[in-house]
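*Asks:* Handing you a structure now.
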Amino acid sequence: MVQSGPRGRVGILTLQLSTNYGGILQMLALHDAIKQQGGEPVLLDKHARHETLKTRISPVLARIPLQDLRGIRSKAMAASEHRRFFESRVAQISRPVRSGRDIEAEIARLGLSTVVVGSDQVWRMDYQKDGSELNYFLNFGGDALRRVAYAASFGHGHWAFPARSEEIRACLSRFDAISVREQSGQTICSEVFGREDTRFVLDPTLLHEAEYYRDMMGAGPKQGPCVLVYVLDRQKEARDLAAKIAAQRGNLPVRVLSPSARAFTNIPDWLSAFENAEFVVTDSYHGTIFSIIFQRPFLTLLNSQRGLDRFTSLFDSLGLSGHGLTDWDGTFPPVASQNPDYEVISAKISRLRTTSCAFLGNALAAAEKK
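As numbered in full-length UniProt numbering, the sequence shown has no gaps in its residue numbers, which increase by one up to the final residue, 370.
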């Protein structure tokens with residue numbers, strides 16, 4: 001990406017970072033894209049609005065060995081390891097923020113000129129169960145604050161909260177630049193909220209080449225060829241499918257990469273698993289993206305409950321529609337014997353990367369004039 005002039009201090013507001021591999025990696029990718037466009041990124045360290053009993057006791061249980069009550073200790077340890085990883089790569093992190101008032105205080109303390117919200121399903125309001133959903137529509141700050149959405153996702157192919165339309169319209173009317181991760185998001189912003197200037201852009205992870213992620217891996221041992229399984233929900237179906245693919249590809253071993261904190265994998269090893277796989281079976285959005293980044297053959301088991309439209313939008317934009325399975329009948333899927341044409345796919349990503357970076361650069365450049 002082209003280096004740009006100074007763009008001021010830019011806050012990044014994304015979903016709370018815990019043990020979500022994709023959430024952390026998209027934040028780091030956006031952080032570094034902002035740096036490459038001449039901005040000085042600051043992560044706004046979002047936490048749940050209200051501390052729960054579980055939140056309060058997790059640090060205590062994490063220090064008590066030989067127990068893992070309800071998986072709390074393993075999850076706390078995984079979250080701590082993930083945090084060490086991203087803290088080592090983020091230029092500056094705010095104090096913990098739980099509300100719009102907290103964010104306003106950090107904007108003033110840190111001298112932020114712009115806040116970028118994104119990426120991931122930050123506009124999926126049913127994911128925000130603590131009353132903080134409007135924070136992700138940047139309902140804080142004065143008119144001098146520049147508001148930008150980068151690759152925001154509604155998580156649905158339609159606007160699912162009509163009772164909230166007017167207040168969201170009011171929030172979005174204050175944005176200086178809006179981009180979304182799915183084409184359906186463009187339609188929602190235009191038809192429901194009157195923002196016809198909304199742009200479609202790539203997920204931040206796709207703004208960088210594979211080498212960017214190889215730099216995160218280090219020099220640890222590499223696994224041999226395998227069929228990699230990384231699924232959040234459809235465990236048995238994915239393993240059965242992987243077994244058929246492994247047999248078809250010369251009886252390769254099947255490796256299951258568990259999302260569970262009890263079977264913790266750090267981020268460098270998680271990335272390495274995708275790079276070194278012979279084939280990937282996943283139902284994860286970012287599992288799919290990293291299969292593409294490392295140019296691995298893959299099949300994605302589609303799950304409407306987790307947000308189907310983000311997959312169809314990604315596949316349609318890159319010409320990969322046949323690589324998503326909504327229903328699997330137990331037979332060998334013919335597409336699994338075909339490798340994607342990554343020369344063509346890479347050219348499409350390159351064109352979209354150019355327009356996506358241009359959007360981000362222009363959005364940050366305009367902050368100097370506000």
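Where a beta carbon is used, it is the ideal one built from N, C-alpha and C, also for glycine.
Among G194, V192 and T198, which has the Cα closest to the Cα of E182?
*Replies:* Within the sequence shown, numbered from 1, the residue matching residue 182 stands at position 182. The residue with the shortest Cα to Cα distance from E182 is T198.
*Asks:* Under 8 Å: do the region 348-359 and the region 328-336 share three or more Cβ pairs, one atom per stretch?
*Replies:* Short answer: they don't touch.
*Asks:* Looking only at its own chain, which residues have a Cβ that is under 6 Å from the Cβ of S4, when we skip the five neighbours before and after it?
*Replies:* Walking along the sequence shown from the start, residue 4 turns up at place 4. Reliability of the predicted coordinates at S4 is poor, the pLDDT of 40 falling under 50, and the value obtained from them is presented with this limitation in mind. Answer for S4: Q37, G38 and G361, listed in chain order.
*Asks:* Taking the alpha carbon of Q128 as the reference point, which residue from L257, R49 and I289 has its own alpha carbon closest?
*Replies:* What you label residue 128 is simply residue 128 of the sequence shown in a count that begins at 1. Q128 has its Cα closest to that of R49, out of L257, R49 and I289.
*Asks:* Ordered along the chain, which non-local residues of its own chain (more than five positions away) have a Cβ less than 6 Å from that of L172?
*Replies:* The count along the sequence shown starts at 1 and reaches residue 172 at position 172. Excluding sequence neighbours, L172 sits near F193 and R195.
*Asks:* Report the partner residues of I12 according to the DSSP bridge assignment.
*Replies:* For this step, residue 12 is matched to residue 12 along the sequence shown. For I12, which the question treats as bridged, DSSP gives the partners L43 and V116.
*Asks:* For A76 and N20, I'd like the C-alpha separation in whole angstroms.
*Replies:* Translated into positions along the sequence shown, residue 76 becomes position 76. Translated into positions along the sequence shown, residue 20 becomes position 20. If I take the Cα positions, the gap works out to 13 Å.
*Asks:* Looking at the structure shown, is A108 part of a helix, part of a strand, or coil, going by DSSP?
*Replies:* Here residue 108 corresponds to residue number 108 of the sequence shown, with the count starting at 1. Note: A108 maps to helix in three-state DSSP.
*Asks:* Hey, A105 and E40 are a contact pair by Cβ (cut 8 Å); roughly how many whole angstroms apart?
*Replies:* Position 105 of the sequence shown, counted from the first residue, corresponds to residue 105. Position 40 of the sequence shown, counted from the first residue, corresponds to residue 40. In fact, because the Cβ distance is near 19 Å, the residues do not count as touching under 8 Å.
*Asks:* Tell me which residues share the same chain as S337 and place their Cβ nearer than 6 Å to its Cβ, disregarding the 5 neighbours each side in the sequence.
*Replies:* Your numbering for residue 337 matches position 337 in the sequence shown. So no residue of the chain qualifies.
*Asks:* Could you tell me the alpha carbon to alpha carbon distance between E81 and D269, rounded to whole angstroms?
*Replies:* Within the sequence shown, residue 81 is the residue found at index 81, counting from 1. Within the sequence shown, residue 269 is the residue found at index 269, counting from 1. Those two C-alpha atoms are separated by around 13 Å.
*Asks:* Across the region 276-295 and the region 9-19, are there enough close Cβ pairs to call them in contact, namely three or more that are closer than 8 Å?
*Replies:* Taking 8 Å as the limit for Cβ pairs, the verdict is that the region 9-19 does not touch the region 276-295.
*Asks:* Quick one: Cα of P65 to Cα of R239, how far?
*Replies:* Residue numbering aside, residue 65 sits at position 65 when the sequence shown is read from its first letter. Residue numbering aside, residue 239 sits at position 239 when the sequence shown is read from its first letter. Their backbone Cα atoms lie some 32 Å apart in a straight line.
*Asks:* Residues in its own chain within less than 6 Å of F290 by CB, not counting five upstream and five downstream?
*Replies:* Position 290 of the sequence shown, counting from 1, holds the residue named residue 290. Excluding positions up to five away in sequence, the list reads F274.
*Asks:* Compute the beta-carbon to beta-carbon distance between R146 and S119, rounded to the nearest angstrom, for a pair I have assumed lies under 8 Å.
*Replies:* As a first step, residue 146 must be located in the sequence shown, where it is residue number 146. As a first step, residue 119 must be located in the sequence shown, where it is residue number 119. The pair is not a contact, with the Cβ atoms about 18 Å apart (cut-off 8 Å).
*Asks:* Using a threshold of 8 Å, state whether the C-beta atoms of L302 and H323 are closer than that.
*Replies:* As a working note, residue 302 is residue 302 in the sequence shown. As a working note, residue 323 is residue 323 in the sequence shown. Cβ distance not < 8 Å, so L302 and H323 don't count as in contact.
*Asks:* Output the boundary residues of the alpha helix (DSSP H) element that contains V344.
*Replies:* The count along the sequence shown starts at 1 and reaches residue 344 at position 344. Looking at the DSSP string, the run of the alpha helix (DSSP H) that includes V344 is Y342 to A365.
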